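First residue of the sequence shown? That's 1 in the working numbering, and the numbers climb one at a time after it. All residues carry an ideal CB built from backbone N, CA and C; glycine is no exception. Since this is a predicted model, take the numbers as computed values, not measurements. A quick write-up on the structure given underneath.
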Amino acid sequence: MEGTVVSDADTLSRSEAPVTRLRVTGMDCASCAAKVETAVRRLPDVAHVNVSVATETIAVRHGPTINATAIAAAIRTLGYGAEDPDASCEPDSEIAETVWWQRPKAVLTLICVTATAAAYALGQIAPATERWAFLAAMSVGLVPIARRAFFAARNGSPFSIEGLMTVAAVGAVVLGATEEAATVVLLFLVGEMLEGVAAGRARASIRGLKSLVPDMALLELGGTTEQVPADTLRVGAIVLVRPGDRLPADGTVIEGESTVDEAPITGESVPNRKFPGEAVFAGTINGEGALRVRVVSTARDNTIARVVRLVEEAQEAKAPSERMIDRFARVYTPGVVAVAALVAAVPPLLLGASWSEWVYKGLAILLIGCPCALVISTPAAIAAGLSAGARRGLLIKGGAVLERLAAVTMVAFDKTGTLTEGRPVVTDVVPYGRSERDVLSLAAALESGSSHPLARAVLAKAAEAGAPVPPAAEASALGGRGVAGRVGGADLFLGSPREAAARTAFPPEAEVRISALQGEGKTVAVLLVNGAPGGLLAMRDELRSDARSGIDRLAEFGARAVMLTGDNARTAQAVAKVLGIKAWAELLPEDKQRIVRERQAAGAIVAKVGDGINDAPALAAADVGIAMGGGTDVALETADAAILHGRVADVARMVSLSRRTLANIRANIAIALGLKLVFLITTIAGITGLWPAILADTGATVLVTANALRLLQTQD
């Protein structure tokens, strides 16, 4: 991440104040982020601070009297790393990931383990030196902890876990429990190391997406190909993608035909056939045929880069439950310190109990009460949920949206391109006096060379049936009425039933069949051969293969599906009948918005699913707007959430992911508070002491993080 001032377009705020972004290393939980945020907020001329553990970044909106150097210095005093703001690096450059056992916390833990083991061995050999040996071993780990505690307190965080840890360890030494104090420090460091490993796994789930784009690309230059870095490709460049290669950029196929495995981006298990004119995405895998592709976006703006950027920004936005936990923690931690003080002082003062016994219990309560596990319980689950969705082509813009999805009771779908494929296909061929293959052959001859969607449907059906496409003479379009021409000496016309009826009389059975096909919501074209009916072609924008199953799955979640479309009523009702849902048809964009608001007024929590363009008013009005698209700018930027691959069932998967994430949050809170309550009771009862107390904190933190990471493994 860069340490330079960037424009407001790259920030979460709409203020005109500049924003500095830095990469911060060493943060493992939300309490770490809180210390960094508090310290930076205390700097002069700082207006807003946003820290993300998931992305290891800080965004600071500030005035002209402060710069990135001062911000980095404040962060480093807390013991965290901050990228040098004067480093000359590309904005999207990545700091090399260090393996967990080479990180500073792991190295410190290993040194402390060695020192503690040596102290134990020395104590066995020379018992008189045991106390001093354990004191030295404890100091190895406690000095760095105490230093961090000092700077955290000086920068506005007096109740940090490092501060509580330092007080507890020093107090234990004063009470004569030096061996236990050394053990507690060691367990604390082990817990911190495990937190770092877990946090690193969560970050790696998103960073892994970036590795999908190959480093090199075959760029065509002057009739030859040259290997160049993929991140240097410019819009309009032509690249050659060989069989088995990953696509180096988003682009459009200009030559070649091949299957492309889009599973890395969309999660779609079946490779898609790609033809000239179709879009392909960076990071997908070419199949058996070579493709020439025209680049349509640079490395910074390709699908994967935008997905990663979207998820990182989403993780920076706190969910309502996360904000609630943060507010609770600000009161909870001072409260725990007060309880610990009362436990340490009240029994000796009022009941004449032993000072050493109750001070020891008070110190244990300090460790039990650390809010780390509680504070991280929600953001860990939210980050894992957002990451899990992104890896399946479900892009959700923040924890607030993820939470709202769980409450959805109605899903309003657009029709064209959402419930349907968005392109017509030939569904019926009805011949008169000739074979179906002949009808397709003659119709395709008239349509060859046309780019009209209906013409492409006819040509595709002819290719599928293996029908030859003979050359047509004098072929011409008739101004929206149809096409005409000559094939093999026969005069041909292909057009609407109304135009065909004006040219010849239909037999009764043809009129009945045309009416029946139109009743099914299909567009009918009539082929005339030498002025007589030669056949009928029926076309329709077909439903997506998973439309019915996706709607049925929503019903299982208690979410009712409806359809809002601008298409004609007959077509809309035909589609709605197949899906078993209610439909509103012939709607303008403002009509869709009005219906969404009417449903909301009736008590429904509405999700609107559409293409992000003509559905924009309804998407904005809905409780959750979901854009359906194949990685387009609109699909990624218009709504609250986006589905990269056009699967209706992905809407239900979003709802399912939301509900699993909320269940995970509730489980995490129960783990965090439950463990603390158990150890609080056992400590006061004298059953457990300092080292089990630190396990109550670090153990709970590791448990809730590991529980949240289960969301990454969930398949749906």
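Can you name the start and end residues of the beta strand (DSSP E) that residue i belongs to?
i           : result
residue 294 : 291-295
residue 421 : 420-431
residue 527 : 523-529
residue 227 : 224-229
residue 469 : Taken as a continuous stretch (DSSP letters only), residue 469 belongs to no beta strand (DSSP E), as it is neither H nor E.
residue 456 : Run containing residue 456: none in the beta strand (DSSP E); it sits in the alpha helix (DSSP H), 453-465.
residue 628 : 624-628
residue 258 : 258-261
residue 582 : 582-584
residue 252 : 251-255
residue 53  : Element bounds for residue 53: n/a, residue is neither H nor E.
residue 175 : First-last for residue 175: undefined, no H or E at that position.
For residue i, I'd like the list of residues in its chain whose CB is within less than 7 Å of its CB, leaving aside the five on either flank, ordered along the chain.
i           : result
residue 109 : 189, 190 and 193
residue 665 : 321, 377, 378 and 381
residue 586 : 566, 568 and 569
residue 469 : 441, 444, 445, 448 and 462
residue 256 : 289, 290, 291 and 292
residue 704 : 373, 376, 377, 380, 668, 671 and 672
residue 580 : none
residue 506 : 533
residue 684 : 343 and 361
residue 235 : 295, 296, 297 and 298
Excluding the five sequence neighbours on either side, which residues of its own chain have a C-beta within less than 8 Å of the C-beta of residue i, listed in chain order?
i           : result
residue 641 : 394, 395, 396, 397, 401, 405, 624, 625, 626, 627 and 654
residue 417 : 611, 628 and 646
residue 104 : 26
Need the endpoints of the alpha helix (DSSP H) that residue i sits in, please.
i           : result
residue 573 : 569-579
residue 358 : 355-368
residue 159 : Here residue 159 belongs to no alpha helix (DSSP H), and DSSP marks it neither H nor E.
residue 719 : Residue 719 falls outside the range modelled here, since the chain spans only 1 to 716, and no answer is possible.
residue 436 : 436-447
residue 67  : Element bounds for residue 67: n/a, residue is neither H nor E.
residue 691 : 690-694
residue 639 : Where residue 639 is concerned, there is no enclosing alpha helix (DSSP H), given that its DSSP letter is neither H nor E.
residue 682 : 649-684
residue 687 : It is not in any alpha helix (DSSP H) - residue 687 carries neither H nor E in the DSSP assignment.
residue 717 : Nothing can be reported for residue 717, as the shown portion of the chain is limited to 1 through 716.
According to DSSP, is residue i helix, strand or coil?
i           : result
residue 277 : coil
residue 235 : coil
residue 489 : coil
residue 138 : helix
residue 608 : strand
residue 477 : strand
residue 404 : helix
residue 240 : strand
residue 591 : helix
residue 734 : No information on residue 734 is available, as it lies outside the stretch 1 to 716 that the chain covers here.
residue 211 : coil
residue 216 : strand
residue 78  : coil
residue 45  : coil
residue 180 : helix
residue 85  : Because residue 85 sits at a pLDDT of 41, beneath the cut-off of 50, its placement in the model cannot be relied upon, and the following sentence gives the value as read from the coordinates. It is coil, neither helix nor strand.
residue 302 : coil
residue 351 : helix
residue 31  : helix
residue 387 : helix
residue 58  : strand
residue 327 : helix
Once the 5 residues before and after residue i are set aside, which same chain residues still bring their CB inside 6 Å of it?
i           : result
residue 137 : 115, 116, 119 and 182
residue 632 : Low confidence applies here, because residue 632 scores a pLDDT of 46, under 50, leaving its location unreliable and the question unanswered by this model.
residue 467 : 437, 440 and 441
residue 694 : 184, 187, 188 and 367
residue 165 : 145 and 188
**Message:** Across the segment 448-460 and the segment 410-426, are there enough close Cβ pairs to call them in contact, namely three or more that are closer than 8 Å?
**Reply:** yes
**Asked** Would the segment 596-610 and the segment 438-447 be scored as touching if the rule is three or more Cβ pairs under 8 Å?
**Response** no
**Item:** Three CB pairs or more closer than 8 Å across the segment 149-160 and the segment 73-80
**Value:** yes
**Prompt:** How about the segment 552-569 and the segment 412-419: do they share at least three Cβ pairs that are nearer than 8 Å?
**Reply:** yes
**Message:** Could you tell me which whole beta strand (DSSP E) segments of length 3 or greater appear in the segment 498-567?
**Reply:** 523-529, 532-543 and 560-564
**Request:** State whether the segment 528-535 contacts the segment 479-498, with contact taken as three or more CB pairs (one from each stretch) at a distance under 8 Å.
**Result:** yes
**Prompt:** Touch check for the segment 127-143 and the segment 169-187: three-plus C-beta pairs under 8 Å?
**Reply:** yes
**the segment 59-67 in contact with the segment 36-51 per 3-pair CB rule at 8 Å** = yes
**Asked** Are there three or more Cβ pairs, one per stretch, closer than 8 Å when the segment 538-546 is compared with the segment 476-491?
**Response** no
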